[in-house]
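Colleague: Sharing a structure, written as structure tokens. Questions coming.
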Amino acid sequence: MAVLRWLFAGYGAAVFLFMASDARALQASAVSPAARPNILLVTIDTLRADHVGCYGYRRATTPTIDRLAGQGTVFTRAFSNTPWTTPSHYCFMTGALVSRHGSRDNLRNRTGVQGSVPVMISEVLRSAGYDTAAFVSGYPLLRRSGLAAGFSVYDDTMQDKLFGGTWKVERRAPQTADAFKRWWKARGAGAPWFVWVHFYDPHGPYTPLPEYANMFVDDGLGPRDEVLDAPGNEPKPPGWTKIAGERQDRQYYISQYDAEIRMADDGVKAIVSLLEQAAQLESTIIVVSADHGEYLGEHGRWFVHDDLYSQSLMIPMVFSGPGVPRGERSDAITESIDVAPTLLSLAGIAPPASMMGTKLFTGDGNVRRHARDLVLSESPRTNRCSVTGGSLQWIGTHPHTELHDYRHDPLRRRNLIGELAYESKMMRQFAGDAVSRARRPWTADNAPSPAPTQQTSPLNPKDRDALRSLGYIE
Ligand SMILES: [Zn+2]
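Residues in the sequence shown are numbered consecutively from 550, following the working numbering.
So this is what it looks like as structure tokens:
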């Protein structure tokens, strides 16, 4: 308990530090646009941190990400602010919690709070003279989601149907990397660029290309069953994610999930190679992260990410490039909303007031210590939220709440709510305070005016069919 109390005391200090440093950032003289670094944001859908090599995974799923990690900084305790694709990407783009940006489901636009809409990093960077482009690969990120705001190019071409589905719902990593390459070759030198590349491959159903499919089958290096098994497990996947063929055991499914991670990593490799050939790798800020994780059997859930337990929230977060310490591993707790303010501050641009995250590096090239001790994650579809700390996770569940040690008891066999009543109370209070803060208006004097947000139309039958094929609608 003493440790937790110290953590909470640290949170107060962190808030003070954030406010003070934010003020300094606003006063700092701007870097001239020509001198600003290029920025590459890569999000890999559904990528659990513990299936990434530099996070300890034994299979060679991510050689390229591991290489970037060696040249940069790995945040070993990074959490998603929501395990749902469109809302989570808004957390990356706006640096704001779901309760502030207001995108609460797939294909849903920002709504903001009290008439104000938080600005996206793409809008800020375009206003600052950046050439902006995005290449996305999954149906929930179609232009209609609103995520195209601020991007001069928004390539959302879907090329693949899945399992005889009616609609094209996905684009594979090689095609997405090719789309980036075409843009890259066509653009002239000049303005710095900001590119967001989204790979969708690890999202279910797991359908790796044939050259990847057998890469990890029966190699004995997958996660151990006893680590995954939870009370109530059913020994079969849900129907929408079923893989064709005889092999229907969990380890086979996991080998296919891992093969799709490798596909995405090879997509990153193709892009990194282009930068390297153009001698731009060292001068480009790169961040690789994920919108959420995945359950591989924990909590009785198979190949979905529909709730707030740690397996769906622990994501990789790897930075490299100018201003990022090399070869550093940090156990500072970080979250999706930290990415946008961190990228802006590395580019010498003050984050707008609507961003709630914390920049993760100091101006002299070090990792900020104890930037944050607790993370709020929201599941807007179920109206649940969780607070995750160094080892405890509190989940608000009507009519009761849960508290467990997710590091030592990842299957939550033991509810600690009774014996750690103080911690539970404080985490609940943190959740309430964070949501209140998110819903308060912010001072917008340093923020560019966001583009008008178009109204999101209701899902049409095609949308429902496409999202159902990806497991989003039952
Ligand atoms: Zn997703």
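Note that beta-carbon positions come from the ideal geometry of N, C-alpha and C, so glycine has one too.
Are the CB atoms of residue 1019 and residue 688 within a distance shorter than 8 Å?
Modeller: As a first step, residue 688 is located in the sequence shown; it is residue number 139 there, counting from the start. As a first step, residue 1019 is located in the sequence shown; it is residue number 470 there, counting from the start. Contact: yes.
Colleague: I want to know whether the segment 619-626 touches the segment 769-781 - three or more CB-CB distances under 8 Å.
Modeller: No, because fewer than three Cβ pairs between the segment 619-626 and the segment 769-781 fall closer than 8 Å, the two stretches do not touch.
Colleague: Please state the DSSP three-state secondary structure of residue 801.
Modeller: Working through the sequence shown from its first residue, we reach residue 801 at position 252. Residue state, collapsed to three classes: helix.
Colleague: So what does DSSP say about residue 882, is it helix, strand or coil?
Modeller: On the sequence shown, residue 882 is found 333 positions in, with the first residue counted as 1. Residue 882 falls in the strand class under three-state DSSP.
Colleague: Classify residue 933 as helix, strand or coil using the three-state DSSP reduction.
Modeller: Taking the sequence shown and counting its residues from 1, one reaches residue 933 at position 384. Strand, per DSSP.
Colleague: Distance, Cα to Cα, residue 816 vs residue 751?
Modeller: Locating residue 816 in the sequence shown gives position 267, where the first residue counts as 1. Locating residue 751 in the sequence shown gives position 202, where the first residue counts as 1. Taking the straight line from one Cα to the other gives about 12 Å.
Colleague: With distances taken from each beta carbon to the nearest heavy atom of ligand 1, which residues come in below 6 Å, in chain order?
Modeller: Cβ atoms closer than 6 Å to ligand 1 belong to 594, 595, 634, 752, 840, 841.
Colleague: Beta-carbon within less than 6 Å of residue 1021's beta-carbon, same chain only, minus the 5 sequence neighbours each way: which residues are those?
Modeller: Taking the first residue of the sequence shown as position 1, residue 1021 is located at position 472. If we look at residue 1021 and ignore the five residues flanking it on each side, its Cβ neighbours are 655.
Colleague: Our contact map puts residue 762 next to residue 808 with C-beta atoms below 8 Å; I'd like the distance itself, whole angstroms only.
Modeller: Within the sequence shown, the letter at position 213 stands for residue 762. Within the sequence shown, the letter at position 259 stands for residue 808. 6 Å between Cβ atoms; contact.
Colleague: Are the beta-carbon atoms of residue 696 and residue 743 separated by less than 8 Å?
Modeller: Taking the first residue of the sequence shown as 1, we reach residue 696 at position 147. Taking the first residue of the sequence shown as 1, we reach residue 743 at position 194. Against a cut-off of 8 Å, the Cβ pair of residue 743 and residue 696 comes out as no contact.
Colleague: Opposite residue 944 in the DSSP bridges: which residues?
Modeller: Position 395 of the sequence shown, counted from the first residue, corresponds to residue 944. DSSP lists 935, 951 as partners of residue 944.
Colleague: Can you tell me which of 850, 989, 950 puts its alpha carbon nearest to the alpha carbon of residue 976?
Modeller: Taking the sequence shown and counting its residues from 1, the one referred to as residue 976 is at position 427. Out of 850, 989, 950, 950 has the C-alpha closest to the C-alpha of residue 976.
Colleague: For the beta strand (DSSP E) that residue 748 lies in, which residues bound it at each end?
Modeller: In the sequence shown, counting from the first residue as 1, residue 748 sits at position 199. Per DSSP, residue 748 belongs to the beta strand (DSSP E) from 742-748.
Colleague: Between 586, 663, 607, which lies nearest to residue 679 when the distance is taken from Cα to Cα?
Modeller: Within the sequence shown, numbered from 1, the residue matching residue 679 stands at position 130. For the residues 586, 663, 607, the minimum Cα distance to residue 679 belongs to 586.
Colleague: Do residue 644 and residue 889 come within 8 Å of each other at the CB atom, strictly closer than that value?
Modeller: In the sequence shown, residue 889 corresponds to position 340, counting from 1. In the sequence shown, residue 644 corresponds to position 95, counting from 1. In this structure, residue 644 lies closer than 8 Å to residue 889 by Cβ.
Colleague: Cutting at 7 Å between CB atoms, please list the residues of its own chain near residue 814, excluding the five before and the five after it.
Modeller: Against the sequence shown, residue 814 aligns to sequence position 265. Around residue 814: 610, 611, 612, 613, 614.
Colleague: Taking C-alpha atoms, which residue in 594, 786, 584, 741 lies nearest to residue 811?
Modeller: Position 262 of the sequence shown, counted from the start, is the residue given in the question as residue 811. The shortest Cα separation from residue 811 among 594, 786, 584, 741 belongs to 594.
Colleague: Shortest alpha-carbon distance to residue 938 belongs to which of 863, 726, 923, 852?
Modeller: Counted from its first residue, the sequence shown places residue 938 at position 389. Cα-wise, what sits closest to residue 938 is 923.
Colleague: Tell me, to the nearest whole angstrom, how far the beta carbon of residue 669 is from that of residue 699; I am working on the premise that it is less than 8 Å.
Modeller: Here residue 669 refers to the residue found at position 120 of the sequence shown. Here residue 699 refers to the residue found at position 150 of the sequence shown. Contact flag correct, Cβ pair sits at about 5 Å.
Colleague: Given a threshold of 16 other Cβ atoms within 10 Å of its Cβ, counted over all protein chains shown, does residue 1012 qualify as buried or as exposed?
Modeller: Translated into the one-based positions of the sequence shown, residue 1012 becomes position 463. Result: buried.
Colleague: To the nearest angstrom, how far is it from the Cα of residue 961 to the Cα of residue 876?
Modeller: On the sequence shown, residue 961 is found 412 positions in, with the first residue counted as 1. On the sequence shown, residue 876 is found 327 positions in, with the first residue counted as 1. So the alpha carbons of these two residues sit roughly 34 Å apart.
Colleague: Leaving out five residues before and five after residue 569 in sequence, what residues of the same chain have Cβ atoms less than 8 Å from its Cβ?
Modeller: In the sequence shown, counting from the first residue as 1, residue 569 sits at position 20. Its pLDDT being 31, under 50, residue 569 is placed unreliably in this model, and the value from its coordinates should be taken loosely. Nothing listed; no residue qualifies.
Colleague: What residues match up with residue 687 in a beta bridge as DSSP calls it?
Modeller: Position 138 of the sequence shown, counted from the start, is the residue given in the question as residue 687. Answer is 719, bridged to residue 687.
Colleague: Could you tell me whether the segment 645-664 touches the segment 795-803, where touching means 3 or more Cβ pairs closer than 8 Å?
Modeller: Contact between the segment 645-664 and the segment 795-803 is absent, because fewer than three Cβ pairs lie under 8 Å.
Colleague: What are the boundary residues of the alpha helix (DSSP H) that residue 988 is part of?
Modeller: As a working mapping, residue 988 is identified with position 439 in the sequence shown. Residue 988 -> alpha helix (DSSP H) spans 970-988.
Colleague: Considering only their Cβ atoms, is the gap separating residue 926 from residue 652 smaller than 8 Å?
Modeller: Numbered from its first residue, the sequence shown carries residue 652 at position 103. Numbered from its first residue, the sequence shown carries residue 926 at position 377. Their beta carbons are not under 8 Å apart, which means residue 652 does not touch residue 926 by this criterion.
Colleague: Taking the CB atoms as reference points, tell me whether residue 789 and residue 956 lie closer together than 8 Å.
Modeller: Taking the first residue of the sequence shown as position 1, residue 789 is located at position 240. Taking the first residue of the sequence shown as position 1, residue 956 is located at position 407. Not in contact: residue 789 and residue 956 (Cβ atoms no closer than 8 Å).
Colleague: Please report the residue range of the alpha helix (DSSP H) in which residue 588 lies.
Modeller: Position 39 of the sequence shown holds residue 588. Per DSSP, residue 588 belongs to no alpha helix (DSSP H); it is in the beta strand (DSSP E), 587-593.
Colleague: Could you spell out the range, first to last residue, of the beta strand (DSSP E) harbouring residue 868?
Modeller: Mapped onto the sequence shown, residue 868 falls at position 319. Element bounds for residue 868: 866-869.
Colleague: Within 8 Å (strictly less), CB to CB, does residue 970 reach chain B?
Modeller: Included in the structure is just one protein chain, with no chain B present.
Colleague: State the DSSP-derived secondary structure class of residue 833, mapped to helix, strand or coil.
Modeller: Against the sequence shown, residue 833 aligns to sequence position 284. The answer is strand: DSSP assigns residue 833 an E or B state.
Colleague: Once DSSP output is grouped into helix, strand and coil, what is the label at residue 904?
Modeller: Within the sequence shown, residue 904 is the residue found at index 355, counting from 1. Coil, per DSSP.
Colleague: For my contact list, residue 823 and residue 833 are in at a C-beta cut-off of 8 Å; report their separation, rounded to the angstrom.
Modeller: Start at 1 with the first residue of the sequence shown, and residue 823 comes out as number 274. Start at 1 with the first residue of the sequence shown, and residue 833 comes out as number 284. With a Cβ gap of about 10 Å, residue 823 and residue 833 do not count as contacting.
Colleague: Please report the Cβ distance between residue 806 and residue 755, rounded to the nearest whole angstrom; I am assuming they are in contact, meaning their Cβ atoms lie under 8 Å.
Modeller: As a first step, residue 806 must be located in the sequence shown, where it is residue number 257. As a first step, residue 755 must be located in the sequence shown, where it is residue number 206. Sure, about 5 Å apart at Cβ, within 8 Å.
Colleague: Considering only the alpha carbon of each residue, which of 984, 860, 666 lies closest to residue 776?
Modeller: What you label residue 776 is simply residue 227 of the sequence shown in a count that begins at 1. The candidate whose alpha carbon is nearest that of residue 776 is 860.
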